[in-house]
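Note sheet for the following structure.
Residue numbers (my numbering): 2 to 256.
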């Protein structure tokens, strides 16, 4: 029989290829022992799939195309389908349903782009992971009765929101300059977040309304929540947070 010379690789599709080869050989050997397939025929096929670079390349290229298509389709999905996206967008989603709407759901892509830029990729991924673990726990506990409101009411969910929104407020220490940056991102083209001009405007008034929704809960903390807030964040963070809220409130409403 041909020796297994499949190369070791960290590339997922090649790992899949190697596993497919091993499984094929295992099943084929069993059939050979039962006389269903000749050992000579098996030897020829095994040698081809293990050693012929054209065979492996064709398989890996096909897998790569499938992976690329999956990634492309995933990127087209609205980001709020992930748990973290739901957690940080839920406070202002009712703005989409107002008459006239104060925001478009199409701007969620831009919002997540801004949040990722503010938090940094590492912290953004950390919060996504925390959100996913929380979702798994709550859905497991609630079973068929699970509702997203169950998720939003948990202490862990509020900690994720607090960490996200305190960082958001801290970003606006240079309020006017960074407010203009945020507005540009929110009205950019959703197909290329942060670039170009999209179909949805984002005015000073819309900025105020969105931020008031995001931070509404922080203005009405219970005594216990206030104690947690003071212990969880530094004096500077709390000061920057208060300054940010004051700046948002001071924005004049549209007449």
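Virtual Cβ for every residue (Gly too), placed ideally from N, Cα, C.
Computed from a predicted structure; not experimentally measured.
Quick one: is residue i buried, meaning 16 or more other Cβ sit within 10 Å of its Cβ, or exposed?
| i | result |
| --- | --- |
| residue 95 | exposed |
| residue 233 | exposed |
| residue 132 | buried |
| residue 86 | buried |
| residue 4 | Unreliable positioning characterises residue 4 in this predicted model, as indicated by a pLDDT of 46, which lies under 50. The coordinate reading is nonetheless provided below. Answer is exposed; the Cβ neighbour count stays below 16. |
| residue 162 | buried |
| residue 111 | buried |
| residue 170 | buried |
| residue 206 | exposed |
| residue 194 | buried |
Going by beta carbon distance, what residues of the same chain come within less than 6 angstroms of residue i, once the five residues before and after it are set aside?
| i | result |
| --- | --- |
| residue 151 | 139, 143 |
| residue 125 | 117 |
| residue 106 | 97 |
| residue 120 | 168 |
| residue 214 | 92, 93 |
| residue 248 | 176 |
| residue 127 | none |
| residue 237 | none |
| residue 211 | 93 |
Which same chain residues end up closer than 7 angstroms to residue i when comparing Cβ atoms and leaving out the 5 residues on each side of it in sequence?
| i | result |
| --- | --- |
| residue 216 | 166, 246 |
| residue 83 | 129 |
| residue 190 | 196, 197, 198, 199 |
| residue 243 | none |
| residue 222 | 230 |
| residue 228 | none |
| residue 184 | 203, 208 |
What first and last residue would you give for the alpha helix (DSSP H) that runs through residue i?
| i | result |
| --- | --- |
| residue 86 | 84-90 |
| residue 224 | 224-233 |
| residue 142 | 122-143 |
| residue 185 | 176-187 |
| residue 162 | 156-172 |
| residue 215 | 205-215 |
| residue 220 | Here residue 220 belongs to no alpha helix (DSSP H), and DSSP marks it neither H nor E. |
| residue 244 | 236-250 |
| residue 153 | 149-153 |
Do residue j and residue i come within 8 angstroms of each other at the CB atom, strictly closer than that value?
| i | j | result |
| --- | --- | --- |
| residue 208 | residue 180 | yes |
| residue 239 | residue 226 | no |
| residue 158 | residue 88 | yes |
| residue 123 | residue 187 | no |
| residue 155 | residue 135 | yes |
| residue 90 | residue 109 | yes |
| residue 174 | residue 241 | yes |
If we cut at 8 angstroms on Cβ distances, does residue i have a partner in chain C?
| i | result |
| --- | --- |
| residue 173 | Looking at the structure shown, chain C is missing, and only one protein chain is on hand. |
Using a Cβ-Cβ cutoff of less than 8 angstroms, which residues in the same chain neighbour residue i once the five nearest sequence positions on both sides are dropped?
| i | result |
| --- | --- |
| residue 202 | 188 |
| residue 172 | 119, 179 |
Handout entry: Whole alpha helix (DSSP H) elements within the segment 90-118, 4-residue minimum
Key = Complete alpha helix (DSSP H) runs here, min 4: none at all.
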